[in-house]
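K.L.:
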Amino acid sequence: MKVDLSTRYLGLTLRNPLVASACPLNQDAEFLVRLEEAGAAAAVFPSLFEEQIEFQQQQVFGLYEYGTESYAESLSYFPELEDYNVGPTEYLRRLRAARQAVRFPLIGSLNGMTVGGWIHFARLIEDTGVDALELNVYFVPSDPRHSGEEVERRYLDLVAAVRKAVRIPLAVKVGPYFTSFGHFARRLVDAGADGLVIFNRYIHPDIDLEALAFRPNLCLSQSYESRLSMMWIAMLRGRCGAYLAATSGIHEVEDAVRMLLVGADALLLASALYRNGPAHFTQLALGLEAWLGEHEYQGVAQMKGSLSRENCPNPEAFERINYMRSLVAFTGKPI
Amino acid sequence: MSDSYITVDGNEACASVAYRCSEVIAIYPITPASPMGELADAWAARRRPNALGVTPRVVEMQSEAGAAGAVHGALQAGSLCTTFTASQGLLLMIPNMFKIAGELTPTVFHIAARTIATHALSIFGDHSDVMAARSTGWAMLCSCSVQEAQDMALIAHSATLKCRVPILHFFDGFRTSHEVNRIVSIDDKTVRSMLDDELIRAHRERSLDPDAPVLRGTAQNPDVFFQAREACNPFYDAAPGILRETMADFAGRTGRRYDLFEYIGDPAAQRVIVMMGSGVGAAEEALAALNAKGGKVGLLKVRLYRPFDARAFVAALPVTVRRLAVLDRTKEPGAGGEPLFLDVVAALNDEWTAAQRIEVIGGRYGLSSKEFTPAMAAAVYDELAREKPRRRFTVGIVDDVTHLSLKWDPDFITESADSVRAVFYGLGSDGTVGANKNSVKIIGEYAGLAAQGYFVYDSRKAGAVTVSHLRFGPRPIESTYLIQRASFIACHQFHFLERMDVLELAEPGATFLLNSPYDEKQVWDRLPREVQETIIEKRLRLWVVDATAVAREVGLGNRINTVMQPCFFALSGVLPREEAITRIKDLIRSTYAKMGQSVVDRNLAAVDRSLEVLREVEVPATASASHRRLPPVPGEAPDFVRRVTAMMIAGKGDLLPVSALPVDGTFLTGTTRFEKRSIAQEIPIWDADLCTQCGLCPLVCPHAAIRSKAFPESTLEGAPESFESRPWKSKEHPGYRLTIQVAPDDCTGCGICVDVCPARSKEVAKHKAINMSPQREHLERERANFDFFLNLPELDRRTVHLETLKGAQLLEPLFEFSGACAGCGETPYLKLLTQLFGDRLLVANATGCSSIYGGNLPTTPWTCNAEGRGPAWCNSLFEDNAEFGLGIRLGVDQKRAMAETLLRQMSAAVGESLVEAIVECRGTDEAALAAQRERIALLRQRLAGDASPAARRLLALADQFVPRTVWIIGGDGWAYDIGFGGVDHILASGADVNLLVLDTEVYSNTGGQASKSTPRGAVAKFASGGKESCKKDLGLLAMSYGSVYVAQIAMGANPLQTLNALREAESYPGVSLIIAYSHCIAHGIDMSTAMTHQKDAVSTGYWPLFRYDPRNAHDELHPLRLDSRKPTAPFKTFAEKEARFAMLQRSNPAEAKRLFEQAQADIDARWRFYEQMVGVTRHNPEPAEAEEIHS
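Protein sequence lines, in the order shown, are assigned to chains A and B.
Here this note's numbering is used: position 226 in the first sequence is 226, and no number is missing along the way.
Here this note's numbering is used: position 706 in the second sequence is 1041, and no number is missing along the way.
1. Where does PHE728(B) land, buried or exposed, given buried means 16+ other C-beta within 10 angstroms?
2. Any residues in the stretch 51-68 of chain A with a beta carbon nearer than 9 angstroms to a beta carbon of chain B? Which ones, in chain order?
3. I need the DSSP call for PRO334(A), collapsed to helix, strand or coil.
4. Considering TYR1164(B), what are the terminal residues of the alpha helix (DSSP H) in which it resides?
5. Anything in the stretch 1141-1173 of chain B with a Cβ closer than 7 angstroms to a Cβ of chain A? List those residues in chain order, please.
6. Check whether the Cβ of HIS295(A) sits closer than 8 angstroms to any heavy atom of the ligand FMN, and report yes or no.
7. Measuring CB to CB, does ASN1191(B) end up less than 9 angstroms from ASN1216(B)?
8. Within 10 Å of its beta-carbon, does ASP1342(B) have 16 or more other beta-carbons around it, so buried, or fewer, so exposed?
9. Find the residues of chain B that neighbour LEU212(A), judging by a C-beta separation of less than 7 angstroms, and give them in chain order.
10. Would SER803(B) pass as a contact of PHE823(B) if the rule is Cβ separation under 9 angstroms?
11. Please classify ARG499(B): does DSSP put it in a helix, a strand, or coil?
12. Could you compute how far the alpha carbon of GLY731(B) sits from the alpha carbon of GLU373(B)?
13. With a cut-off of 8 angstroms on the beta carbons, I'd call LEU14(A) and ALA42(A) a contact; round off their distance for me.
14. Give the straight-line distance between the Cα atoms of GLY80(A) and THR917(B), rounded to the nearest whole angstrom.
15. In whole angstroms, what separates the C-alpha of ASP1368(B) from that of ALA22(A)?
16. So the candidates are SER1359(B), ASP746(B) and SER528(B); which of them puts its Cα closest to the Cα of VAL394(B)?
17. Does any residue of chain A have a CB that is nearer than 9 angstroms to the CB of ILE341(B)?
18. Would ARG820(B) and GLU750(B) qualify as a contact pair, given that the criterion is a beta-carbon distance under 9 angstroms?
19. Where does the unbroken beta strand (DSSP E) through VAL755(B) begin, and where does it stop?
20. Please work out which residues of its chain come closer than 6 angstroms, Cβ to Cβ, to ARG834(B), disregarding the five sequence neighbours upstream and downstream, and give them in chain order.
21. DSSP three-state label for LYS1103(B), please.
22. What are the residues of the stretch 457-472 of chain B that lie near chain A, defined by any Cβ-Cβ distance shorter than 7 angstroms?
23. Report the option in TYR781(B), VAL1509(B) and THR1349(B) whose CA atom is closest to the CA atom of TYR1437(B).
24. If you compare alpha carbons, which of GLN1028(B), GLN562(B) and SER1057(B) is closest to ALA1104(B)?
25. In this structure, what does DSSP give as the bridge partners for GLU1017(B)?
26. Give me the chain B residues within the contact set of GLY87(A), using Cβ-Cβ distance strictly less than 8 angstroms, ordered along the chain.
27. Where DSSP assigns a beta bridge to ASN1200(B), which residues make up the other side?
28. Can you give me the C-alpha to C-alpha distance between GLY1205(B) and ASP1334(B), rounded to a whole angstrom?
29. Based on the DSSP secondary-structure assignment, which residues constitute the bridge partners of ASP663(B)?
30. Beta-carbon separation of PHE1121(B) and GLN1076(B) under 9 angstroms?
31. What are the residues that DSSP puts in a beta bridge with LYS1066(B)?
32. Output needed in chain order: residues of the stretch 773-797 of chain B with a Cβ under 7 angstroms from some Cβ in chain A.
33. Between GLN1344(B), GLU868(B), SER1407(B) and GLN1429(B), which has its C-alpha nearest SER961(B)'s C-alpha?
34. Is VAL880(B) closer than 9 angstroms to VAL898(B) when the C-beta atoms are compared?
35. Spell out whether any CB of chain A is found under 9 angstroms from the CB atom of GLU1523(B).
36. Only counting the same chain, and skipping five residues up and downstream in sequence, which positions put a Cβ closer than 7 angstroms to that of LYS1097(B)?
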């Protein structure tokens, strides 16, 4: 019997749960075609960063105006700007080209900064014809005067605002750093999220030991990093009313299987794509099919969530006992 | 037809017509005409069609001579052509202009008339350039206003086709070219209708065409040349009539009527002024005021100056006229009179038939944009009324030497009472001028009021002060002079109050808007006493707004313009407040939309916030402040600086009489040190405990405002308590201390020194050995420290390791505190040059940035040491600098040769051994130089009592025995383009000169136009679509001679290589060429990190470092040495950090990709080629001895 790998995510039917997560590789339409041919079920287009756009705008403004109208011989230093793209034009052009190039669902992605910006750019992305929108909320509450409630409120307000502004399905990609993530996840759904992408993997800067300064340093994920996402998908499966996508640390078939077992509707891969290229999707899909076949599952829909907190035989593993048993395993002595 | 108003400056008004009437436009930048070429280039890049429906081909040439040549050729090929120029540029076109006119070729050159350099360069306006072209056979048509600059342009393009005489259309540089005014525009249809197809066809039929071949440009002999030259006469006879017909045609189409000569005033006037250009605006106002009181005076405006139609001129005069005063905006020393005067005299001689003779007097006015006011015109009318008027006079200055100047009544003011007259004092960097230009637009185009804006800029680029003069009113504004009585004054920077009299122009009851960090309760006590007194005396209404705080709050940094602008509208009442705010916001949206929504949003926020914090100050009845405005220069300054320079610094140079100024343009050096501008908000403060004494911070400082000095500990006696020093790490100088000291009033706050500092605190990583700190907190302390520092003794140069950076940076810089842009990439090289060789340095400086920050009055950064020795500097021209420098070398060498001859003649008196020692000494190390100076002192001693002519002649030349070093300095515009012919000739000459090219890869001084040094893919003016061709490899061209020392350097990437290159070049007894990477504002970079960024230029192979030393061109040695490593990063990583490249990525990504790939290929190919050259041996003959070379 043929195993049915199809799944539903954000109201979309995917031929399998393997989705190319937002990363710079995906901005190229040709690459997306290769992904589709390799068996990826969908792709998330890299994020439009409002902050970056604003930063560029301010930089252009500053550099263009710098030194002007000061000295009679050189009242300006650059030709008049015409057709100058300091906004999202180029991004949207690429997104449109991508949308036309592939048939599989394409999900737009947005990292905003202001509520106005979120709404404005969300609409522009929707207008390109993407099938859904992922809000990539990457916000570091660096000001210690802001309370957790304020931070959460900020997330909720923007999700509600974007929800009002667009009609396409909405996923919210968040990090794990909330006091009560389950509660917060429900509030996100109440605010209008159709799906949650768990978790955003914050790329923390590294220190350059020679320059003694922080530098961005992209490190690809490892399989072990999937544990946190796995745990929270298991906790939330059936308890928050939203589609759940797993991301971070999904590299091998086993990683994928685990995520599906705890209840992920879709698996978002980026590091694996960087390491192995589009062909990895073919391998994963075949491996997934084989695993399900070997374990006599009819398909993804059947196994999805079968090991969620609600459905697993040992839910206590998710709470404190989980920690204690780990410790036992390490020490070899019963507590 | 309904009139369509636009608000533009004279350049744009003219260029918009010239563009539409042309098919080929050859351009070259020169102030103040550059914007016309820039606009034409930008329009062509956008494929804007001309009136004939095609996009003109706009081509940048290597010089104005090249532009004229290209136009000449395009005309011969039958196209409609134009060009734009001014001043020296026009002079360079003259040879071709004779040809174009001789061949009766229709074309129009548009000239923003500018002063010709004589005793000094001046970028400002007068007619000396166009008058120098009056013998070329071109018709000369003058515009007096922005409206006319547009209208006459069309009349000229139309008429030239018919009369076949080429037309030089000119208007006054700056006063008209840069004045923003509301004018009635000309639509495309009207332009097209005035270009007669039949005449265009006839022009094309006369062109060179192999299908109908002709020969033109023959050489003729005495038998026929004269006759042939006379054959054109009928065309010149007909030209005035054709111009007049064309003016009539134009009037029929537009309603605006002009004539060759236009008379206004009393129809029965006896006294009449004759003049042309923008000055007529002021003269008209004077005339109206005088006639209103029964003055019976008149004014004759000259529009067509060549061909001078004597009959039309006389016909335009009222028959009642008895006395004429002809005003010329030029000077011809030694002539019987200025050109217009002589033409008028000749015309009257020929055509005046009335019995009553007319008495004609001639005067000069307005040279170099000197103000010409109604009061000055009234003085001329007064002179005409005197019993015996002066035959020749000047007006506008006080001539206390030859007593030619007329006195004028400063209270004769004709400012219109129903106008708003607003004067704004701002900084270039705070956006004041930009906002004011927008205000003129808002009022001119939306409010239906007449509007005029004129802007006065600083002579310095860093911390530049701008003064905006805006007039608004119900009637057209033709007041072509600065505001004399302001109803509104705005001071956009609080600290100006300490240094400038910003209320001088305020009329009684005027409004004074002040950007103040102090609120309405605190501000009064902070005002200098003079300001308080003026406010009370003139009953000014004082308003304050903390625009700086608002701008920062909304994310606009220092750009306070959008905060101040709404306040102006709110207080001036020129528009209803709400309407004004709406218009400001509309304009913000349209102006900044292309910069992005966030820019728009922040500016809109600034508008909304501004009016919330605007407050009126309750003015007390008496002044209470004890502090006063600061003097322009300190009391210890030399006499000339106190009497003359101080006046210029204070903005009162107009008051200086003729006797105050040198007769030949010679000034003393070392004057920037007296101009304490104190413009930095933050200054670098030394943390002595962290310092490694590497010398980098003083090396890179563009303004010599951070210094290092080593000195004996004993000299610290009397040091201020806050004066820091640490033991100097020198084996040769035990007990010496070292200090790194900021010049707090001279620093521009660029931050480059901090960026390059390699020493960091172990406890706080961001804290370096030098850190930017608020100036106000450190000013008094560091002033005292710097004063003490200056008085510490200089090191004995013989004891300094010049080959090390640390050593070189302990030498006194003889180039300091220039007015160059903050963070300038050029000046550090010049400073280092003076540290190494300044006391025996002669500089030939090409026109450009370096001639401006080096020689623009009021002060100069070139200075001298305690012995009075220092660089001697001169700027000749833009195009001839290499030749000029060679001439200096030749002259210096001849003086030495003469001195040697005399010395040998005097050997008996001097002593054989001393003679030989002096003659044989050619060493240039510091010990040799010092020894030679001692010998010269001995020589002087021995000849002290000798009164023979030979001894006196020898003593006058004795110092020539100290070797002089000649440096020929300029930018890439000079070396790669306009001066390349001369550069090439000097490279081939073998002379002992050094060429230093400060390569910014654009024409920086004129605002960033592309040169042949501009790299492929960079966006620049004249290359707005990205430069298509690759950068010229000047170093490679020079190396091809084999005998030229060539180095390519980048101080920020490899300072030691820079030091070595300068020393090697100087020591090489032949031609040396150094190409120095000079970052620039026009690159669109963060100037505070620009030195560090030079490392990217080198690591990507964009700017490879090398030295080619002909001294190694023999045997198995390799003369070329690559000083940088193989590129380790792609060009893109460098380009993405510079707006000049990044702009293209945003405006045209596909084109950027193509050009960047090609640019990478350029880099790869160049590197491969250099790598191969490194392995090549070469044999050149040894460089000849200097004297042989020079013969």
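Ideal Cβ positions, reconstructed from N, Cα and C, are used throughout, including at glycine.
P.N.:
Looking at the coordinates:
1. Within the second sequence, numbered from 1, the residue matching residue 728(B) stands at position 393. Around the C-beta of PHE728(B), 16 or more other C-beta atoms lie within 10 Å, and the residue is accordingly described as buried.
2. Legend: CB atoms of the stretch 51-68 of chain A lying less than 9 angstroms from CB atoms of chain B belong to residues ILE53, GLU54, PHE55, GLN56, GLN57, GLN58, GLN59, VAL60, PHE61, GLY62, LEU63, TYR64, GLU65, TYR66, GLY67 and THR68.
3. Against the first sequence, residue 334(A) aligns to sequence position 334. Caution applies to PRO334(A), whose pLDDT of 45 falls short of 50 and renders its modelled position unreliable; the value that the coordinates give is listed next. PRO334(A): coil per DSSP, three-state reduction.
4. Against the second sequence, residue 1164(B) aligns to sequence position 829. Per DSSP, the continuous alpha helix (DSSP H) segment holding TYR1164(B) begins and ends at 1162-1172.
5. So the list reads CYS1156, given in the order they occur along the chain.
6. Ligands displayed in this structure: none; no statement on the ligand FMN is therefore possible.
7. Here residue 1191(B) refers to the residue found at position 856 of the second sequence. Here residue 1216(B) refers to the residue found at position 881 of the second sequence. No, Cβ-Cβ distance for ASN1191(B) and ASN1216(B) is not below 9 angstroms.
8. As a position in the second sequence, residue 1342(B) is number 1007, starting the count at 1. According to the sequence as given, residue 1342(B) is Gly; it is not Asp. GLY1342(B) comes out buried.
9. Sequence index remark: in the first sequence, residue 212(A) carries index 212 (1-based). Those within 7 angstroms of LEU212(A) in chain B are ARG1095 and ALA1100.
10. Translated into positions along the second sequence, residue 803(B) becomes position 468. Translated into positions along the second sequence, residue 823(B) becomes position 488. Their beta carbons are not under 9 angstroms apart, which means SER803(B) does not touch PHE823(B) by this criterion.
11. Within the second sequence, the letter at position 164 stands for residue 499(B). DSSP places ARG499(B) outside both helix and strand once states are collapsed to three, so it counts as coil.
12. Position 396 of the second sequence, counted from the start, is the residue given in the question as residue 731(B). Position 38 of the second sequence, counted from the start, is the residue given in the question as residue 373(B). In this structure, the alpha-carbon of GLY731(B) lies about 34 angstroms from that of GLU373(B).
13. Reading the first sequence from its first residue, position 14 is the one you call residue 14(A). Reading the first sequence from its first residue, position 42 is the one you call residue 42(A). That pair is a contact at about 6 angstroms.
14. By one-based count along the first sequence, residue 80(A) stands at place 80. By one-based count along the second sequence, residue 917(B) stands at place 582. The sequence shown places Glu at residue 80(A), not Gly. Going by the C-alpha atoms only, they are around 25 angstroms apart.
15. Here residue 1368(B) refers to the residue found at position 1033 of the second sequence. Here residue 22(A) refers to the residue found at position 22 of the first sequence. The straight-line gap from Cα to Cα measures roughly 44 angstroms.
16. Taking the second sequence and counting its residues from 1, the one referred to as residue 394(B) is at position 59. Comparing Cα-Cα distances from VAL394(B) to each of SER1359(B), ASP746(B) and SER528(B), the minimum goes to SER1359(B).
17. As a first step, residue 341(B) must be located in the second sequence, where it is residue number 6. So, not an interface residue.
18. Taking the second sequence and counting its residues from 1, the one referred to as residue 820(B) is at position 485. Taking the second sequence and counting its residues from 1, the one referred to as residue 750(B) is at position 415. Less than 9 angstroms divides the Cβ of ARG820(B) from the Cβ of GLU750(B).
19. Here residue 755(B) refers to the residue found at position 420 of the second sequence. Unbroken beta strand (DSSP E) run through VAL755(B): 755-762.
20. In the second sequence, the residue the question calls residue 834(B) occupies position 499. So the list reads LEU965, once near-sequence residues are dropped.
21. To locate residue 1103(B), count along the second sequence from 1; it is residue 768. Note: LYS1103(B) maps to strand in three-state DSSP.
22. The residues in question are ILE458.
23. Position 1102 of the second sequence, counting from 1, holds the residue named residue 1437(B). Of the candidates TYR781(B), VAL1509(B) and THR1349(B), the one whose C-alpha sits nearest the C-alpha of TYR1437(B) is THR1349(B).
24. Working through the second sequence from its first residue, we reach residue 1104(B) at position 769. Out of GLN1028(B), GLN562(B) and SER1057(B), GLN1028(B) has the C-alpha closest to the C-alpha of ALA1104(B).
25. Position 682 of the second sequence, counted from the start, is the residue given in the question as residue 1017(B). In DSSP, GLU1017(B) forms a bridge with PRO1109(B).
26. For the purposes of this step, residue 87(A) is taken as the residue at position 87 of the first sequence. GLY931 and GLN932, listed in chain order.
27. One-based indexing of the second sequence puts residue 1200(B) at position 865. Per DSSP, none; premise fails for ASN1200(B).
28. As a first step, residue 1205(B) is located in the second sequence; it is residue number 870 there, counting from the start. As a first step, residue 1334(B) is located in the second sequence; it is residue number 999 there, counting from the start. Cα to Cα, the separation comes out at about 25 angstroms.
29. As a first step, residue 663(B) is located in the second sequence; it is residue number 328 there, counting from the start. Answer is ARG699(B), bridged to ASP663(B).
30. Within the second sequence, residue 1121(B) is the residue found at index 786, counting from 1. Within the second sequence, residue 1076(B) is the residue found at index 741, counting from 1. Yes; because the gap between Cβ atoms is below 9 angstroms, this pair is in contact.
31. For the purposes of this step, residue 1066(B) is taken as the residue at position 731 of the second sequence. Answer by DSSP bridge pairing: none, since LYS1066(B) is not bridged.
32. Hits within the stretch, in order: TYR792, ASP793 and LYS796.
33. As a first step, residue 961(B) must be located in the second sequence, where it is residue number 626. SER961(B) has its Cα closest to that of GLU868(B), out of GLN1344(B), GLU868(B), SER1407(B) and GLN1429(B).
34. Position 563 of the second sequence, counting from 1, holds the residue named residue 898(B). Position 545 of the second sequence, counting from 1, holds the residue named residue 880(B). In contact: VAL898(B) and VAL880(B) (Cβ atoms closer than 9 angstroms).
35. By one-based count along the second sequence, residue 1523(B) stands at place 1188. Its pLDDT being 37, under 50, GLU1523(B) is placed unreliably in this model, and the value from its coordinates should be taken loosely. Under the 9 angstroms criterion on CB atoms, GLU1523(B) is classed as non-interfacial with respect to chain A.
36. Locating residue 1097(B) in the second sequence gives position 762, where the first residue counts as 1. So the list is empty, once near-sequence residues are dropped.
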